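Enquirer: Residue numbers in the sequence shown follow our numbering, run continuously in steps of one, and reach 640 at the last position.
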Amino acid sequence: MSELVPSEGLDTVEESKKFDGRRAFDLLMEAQGYWSNMDRFRRDRERNKNYTYGKQWGDLIINENGKTMTEEQYIMEQGQVPLTNNLIRRLVRNVIGVYRSQAKEPTCTARDIAEKKLGEIMSTVLQYNMQLNKASEVNARSFEEFLIGGGIIYKCWSGWRQDKMECWTDYVQPNNFFIDNHMKDFRGWDVSFLGEVHDVSFLKVCQKFAKSPADQARLSEIYSYAKNRNILTAYGEQFGYSRLENIDFLVPSDPTLCRVVEIWRKELKPRYRYWDPLEGNWYKCDINDYVELVQRVNEQRLAKGRADGIPDEEIPLIRAEWFEDEYWHYYFLSPFGDILDEGETPYWHKSHPYVFRFYPYIDSEVHSFVSDVIDQQRYTNQLITMYNWILKASAKGVLLFPEDAIPEGYDINDIADEWSRFNGVIVVRKRKDNSVMPQQIANNSTNIGITELLNLQLKFFEDISGVNGALQGKPGYSTVSGKLYEQQTQNATTSLLDILDTFSSFIVDVAYKTVKNIQQFYDSKRVFNISGRADAQVVYDPAKIRNVEFDLSIVESTATAAYRQAANDALWEMWGKGAIDTKLFLQHCDFPWADDLLQSIQSQEEQARNGETPQGFDPALLQQVQGSANMENVNKAYNMLTRQHMQAAS
């Protein structure tokens, strides 16, 4: 191992620098190709979004004259109004309600049993970071996006925002995201090219990429138009609305914004991969570091082993091999072919900062939850519109008045006016030849089968989506038992389990990258305190946690009101039986007065140690304490928690 392995190999980044004049344009064209390949995904998402929020007559059709138009235009040309009864929106709200009711959160478990306490600390720090990023609301809105479009993307990064240096998790607009079309793995492990287009102000561009006055001058030259803040524009999107046709890869819809293209691509570089038998781990190093990290270490071990009389074949030497290393390289480009920044991934997880999931992604196809019920929604709208047409065209109180029955001195307008009066009287001239008398015609056009068809479509809606009436909160029939109604709700939840668990696995992947970023960028001791959770105040020591490997999973949240109430009642019971003392009870319970009462007890103890007479408790505080102790609820909660522990143990 003392001889160096030949270091020649392919370095794709250095190779591309030989064509520096067209290097950025080559990257832009490759990225634009992948972005264009996602056009169908973006248009399907736009169609699903329109149907979800009530714009359900926008599909293109060809009329009898061969003209292409939307269904809405065609109906309006017929003199009718296109009607909608939005069932998809209610369906999406119900599924989001099921997701929110789960009240789950990611938690960390150290792979080494001896580091269990560190896993609890990291779980608390992760919860703090999720609260910082408003994760509960972001996840709910992202789940809605997942139901509508079938794809969801987050970006986990670290940087300066809101006057603090933190680890951030951002939602990425799917229309701005692109990924290579060679990816076949639904986990995304085989992706080699991805990125995002950003439309940001010139101030943001300078904040991100200007490291010196020269950089600021260069950016001013590149984005010369967008840097003028006095220019007003009317090209952008209207507030509260979006238009898919405004999306372009190189040109922003608002010319006062700067288009920046972020690209992450896998590159190749020759490196050494080596195994250290003393530590039992694989490592890799650059070509220039081989002598220092491998050769010299082996020479030192050989010298020491020989000095100790150990045969050479028994000395634990590092075994190394040359290989082409695949790694992530990032680029920030302007649409004019300028490289604003580039470099190897700075993250310890050695990957890109994006986390994405497409559903179900079989044979690279995306089929969202909403897309499954669009046909039922369309047919429902057609039936309602058809019903409205028939009602308008039907005879409703038409008066047939023979001309020879009109009395002298009257015309048909007088007859119509008198007919509309509630106490009107019309003199009719009747001949002796039994001529036709005036009569009113009303055509009953309601029982023509449309009602049955509508009910059938509503039944199909529930069968296809799996969201039945029980899950929607509809009251059951009097003949349906409570047990059966509960079983129907559980069955409906089971039909949604696949999409719920898929989103949960996405949240676990987000939490994994967040934990890695926390380990990397939280480089000083910090104290974290999570409100509403017992034992939530922890001290984060990067020296202890930085190199710990964690396993992440989704568990029931301990931050819900029901969980806290059950825990409080059980603590009341244990305190009443003397199983725990008052201090321990106050440290673990979750009452608004617990901290004040604990401080008062500690203050009294301090006064007693100093020889002073302890002062009594605040009467208002004691009244709050007494009002919280409902022993009936205590016993119920204690029994419930006992059963849960017994079931978990079995």
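The beta-carbon is built from N, C-alpha and C at its ideal position, and this holds for glycine as well. For clarity, every value in this text was computed on a predicted model and none was experimentally measured.
Classify glutamine 366 as buried or exposed, calling it buried when 16 or more other Cβ atoms lie within 10 Å of its own Cβ.
Expert: Buried, by the Cβ-count rule.
Enquirer: Thinking just about the alpha-carbon of each residue, which of Arg255, Trp565 and Leu448 is nearest to the one in leucine 17?
Expert: Of the candidates Arg255, Trp565 and Leu448, the one whose C-alpha sits nearest the C-alpha of leucine 17 is Arg255.
Enquirer: Of all the alpha helix (DSSP H) runs that stay within the bounds of the stretch 15 to 54, which reach a length of 4 or more residues?
Expert: As far as the stretch 15 to 54 is concerned, its whole alpha helix (DSSP H) runs of at least 4 residues are 29 to 42.
Enquirer: Could you check whether the Cβ of serine 593 sits closer than 8 Å to any heavy atom belonging to the ligand MG?
Expert: In the structure shown, the ligand MG is absent, as is every other ligand, since no ligand is present at all.
Enquirer: Considering only the beta carbon of each residue, do phenylalanine 168 and glutamate 186 sit closer than 9 Å?
Expert: Yes, they are a contact pair.
Enquirer: Tell me the rounded alpha-carbon separation between asparagine 378 and threonine 58.
Expert: Roughly 25 Å separates the two Cα atoms.
Enquirer: Is the Cβ-Cβ distance between glutamine 70 and lysine 382 less than 9 Å?
Expert: Yes, Cβ-Cβ distance for glutamine 70 and lysine 382 is below 9 Å.
Enquirer: Note down, in chain order, each residue of its chain lying with its Cβ closer than 8 Å to the Cβ of arginine 13, except the 5 sequence neighbours on either side.
Expert: Ser6, Lys7 and Ile329.
Enquirer: Rounded to whole angstroms, what is the Cα-Cα separation between valine 3 and glycine 149?
Expert: One C-alpha to the other measures close to 26 Å.
Enquirer: According to DSSP, simplified to helix, strand and coil, what is phenylalanine 192?
Expert: In the structure shown, phenylalanine 192 sits in a helix (DSSP, three-state: H, G or I).
Enquirer: As a quick exercise: from Trp312, Ser113 and Glu252, pick the residue whose alpha carbon is nearest that of isoleucine 261.
Expert: In the sequence as displayed, the identity of residue 261 is arginine instead of isoleucine. Nearest of Trp312, Ser113 and Glu252 to arginine 261, Cα basis: Trp312.
Enquirer: Please identify the residue among Val195, Met173, Gln121 and Asn165 whose C-alpha is closest to the C-alpha of threonine 159.
Expert: Comparing Cα positions, the closest option is Gln121.
Enquirer: With which residues is serine 543 paired in a DSSP beta bridge?
Expert: Answer is Thr97.
Enquirer: Does leucine 574 come out as helix, strand or coil in the three-state DSSP assignment?
Expert: If DSSP states are grouped into helix, strand and coil, leucine 574 belongs with the helices.
Enquirer: Within 10 angstroms of its Cβ, does glycine 522 collect 16 or more other Cβ (buried), or is it exposed?
Expert: Bear in mind that a pLDDT of 49 at glycine 522, under 50, signals an unreliable position, so the model cannot answer this.
Enquirer: Taking just the CA atoms, how far does aspartate 531 sit from glutamate 95?
Expert: Near 23 Å, if we compare the C-alpha coordinates of aspartate 531 and glutamate 95.
Enquirer: Short check: CB of aspartate 102 to CB of glutamate 595, under 9 Å?
Expert: No, the pair does not count as a contact, with Cβ atoms beyond the cut-off.
Enquirer: Whether or not the stretch 31 to 44 and the stretch 328 to 347 are in contact is what I'm after, with contact meaning three or more pairs of Cβ atoms, one per stretch, closer than 8 Å; do they touch?
Expert: No, the stretch 328 to 347 does not touch the stretch 31 to 44.
Enquirer: What are the boundary residues of the alpha helix (DSSP H) that aspartate 407 is part of?
Expert: First-last of the alpha helix (DSSP H) with aspartate 407: 402 to 409.
Enquirer: Classify proline 164 as helix, strand or coil using the three-state DSSP reduction.
Expert: The answer is helix: DSSP assigns proline 164 an H, G or I state.
Enquirer: Taking 9 Å as the CB-CB cut-off, is isoleucine 138 touching chain C?
Expert: In the displayed structure, chain C is absent; only one protein chain is listed.
Enquirer: Can you tell me whether DSSP reads serine 232 as helix, strand or coil?
Expert: Three-state DSSP puts serine 232 in coil, outside helix and strand.
Enquirer: Pick out whichever of Gly48, Asn53 and Met66 has its Cα sitting closest to the Cα of threonine 60.
Expert: If we check each option's Cα against that of threonine 60, Gly48 comes out closest.
Enquirer: Mind checking which residues open and close the beta strand (DSSP E) that includes lysine 145?
Expert: From DSSP, the beta strand (DSSP E) with lysine 145 extends over 141 to 151.
Enquirer: Answer yes or no: do valine 418 and glutamate 408 have a C-beta to C-beta separation smaller than 9 Å?
Expert: No, Cβ-Cβ distance for valine 418 and glutamate 408 is not below 9 Å.
Enquirer: What residues in its chain sit with their C-beta under 7 Å from that of aspartate 153, if we drop five residues either side in the sequence?
Expert: For aspartate 153, where only same-chain residues beyond five positions count, there are no Cβ hits under 7 Å.
Enquirer: Since asparagine 129 and isoleucine 497 are thought to touch, with beta carbons under 8 Å apart, how far apart are those beta carbons, to the nearest angstrom?
Expert: Rounded, the Cβ-Cβ distance is 7 Å, consistent with contact.
Enquirer: Looking at C-alpha atoms only, which residue of Pro242, Ile138, Thr370 and Val287 is the closest neighbour of glutamate 442?
Expert: The shortest C-alpha separation from glutamate 442 is found at Thr370.
Enquirer: Determine the direct distance from the alpha carbon of isoleucine 380 to that of asparagine 75, and round the result to whole angstroms.
Expert: Roughly 18 Å separates the two Cα atoms.
Enquirer: My output table needs one value for asparagine 171: the three-state DSSP class, helix, strand or coil.
Expert: Looking at asparagine 171 - three-state DSSP - the assignment turns out to be coil, as it is neither helix nor strand.
Enquirer: In angstroms, rounded to a whole number, what distance separates the CA positions of leucine 587 and aspartate 491?
Expert: Cα to Cα, the separation comes out at about 42 Å.
Enquirer: What does the alpha-carbon distance come out to for the pair isoleucine 508 and arginine 536?
Expert: Cα to Cα, isoleucine 508 sits roughly 9 Å from arginine 536.
Enquirer: Could you tell me the alpha carbon to alpha carbon distance between alanine 584 and glutamine 577, rounded to whole angstroms?
Expert: Taking the straight line joining both Cα atoms gives about 8 Å.
Enquirer: Between the alpha carbons of serine 514 and lysine 534, how many angstroms are there, rounded?
Expert: Computed Cα separation, rounded: 11 Å.
Enquirer: Report the residue from Gln510, Val517, Thr572 and Asp499 whose alpha carbon sits nearest the alpha carbon of aspartate 541.
Expert: Comparing Cα-Cα distances from aspartate 541 to each of Gln510, Val517, Thr572 and Asp499, the minimum goes to Asp499.
Enquirer: Is lysine 256 helix, strand or coil when you go by DSSP?
Expert: Correct three-state label for lysine 256: strand.
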